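Trainee: Heads up: the sequence shown at position 64 corresponds to 215 in this note's numbering, and the numbers run straight through without jumps.
Glycine included, each C-beta is placed from N, C-alpha and C at the ideal position.
Since we're looking at a predicted model, the values are computed, not measured.
This is the structure, below, for whatever I ask next.
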Amino acid sequence: MSLHETMNELDRLLANLTKDLVKAFRGNKTAAQRVRTGTIHLEKVAKVFRRESVAAEKTGKFKKKGKTERALAKKPVKKAKRKR
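Right, here's the structure in full:
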């Protein structure tokens, strides 16, 4: 899976879990079972996401540098010493 596909899968799983969680709080036992099994699947996909996001950060494909990161990357300007 690519990072984008994994993020979409996580989003889909969370949406389904949220719907079933509401039903489980109302007393629906089968929805509670779906939540329990869904969290196991969510855990597996989250591990894949962590692996892929770390790899993407190392290759520089995760995000581009923003203005603040570029400003921090510049060398600091030395201030002139004051005369006494």
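(1) Using 8 Å as the threshold, is the C-beta distance between Ala175 and Ala182 below it?
(2) What first and last residue would you give for the alpha helix (DSSP H) that runs through Met158?
(3) What does the alpha-carbon distance come out to for the pair Glu100 and Gln184?
(4) Do Asp171 and Val186 come within 8 Å of each other at the CB atom, strictly closer than that value?
(5) Measuring CB to CB, does Glu208 end up less than 8 Å from Leu154?
Mentor: Judging by the given coordinates:
(1) Between Ala175 and Ala182, the C-beta spacing is below 8 Å.
(2) Where Met158 is concerned, the enclosing alpha helix (DSSP H) stretches over 154-176.
(3) The structure shown does not extend to residue 100, since the chain is modelled only from 152 to 235, so the question has no answer here.
(4) Yes, they are a contact pair.
(5) The Cβ atoms of Glu208 and Leu154 lie no closer than 8 Å to each other.
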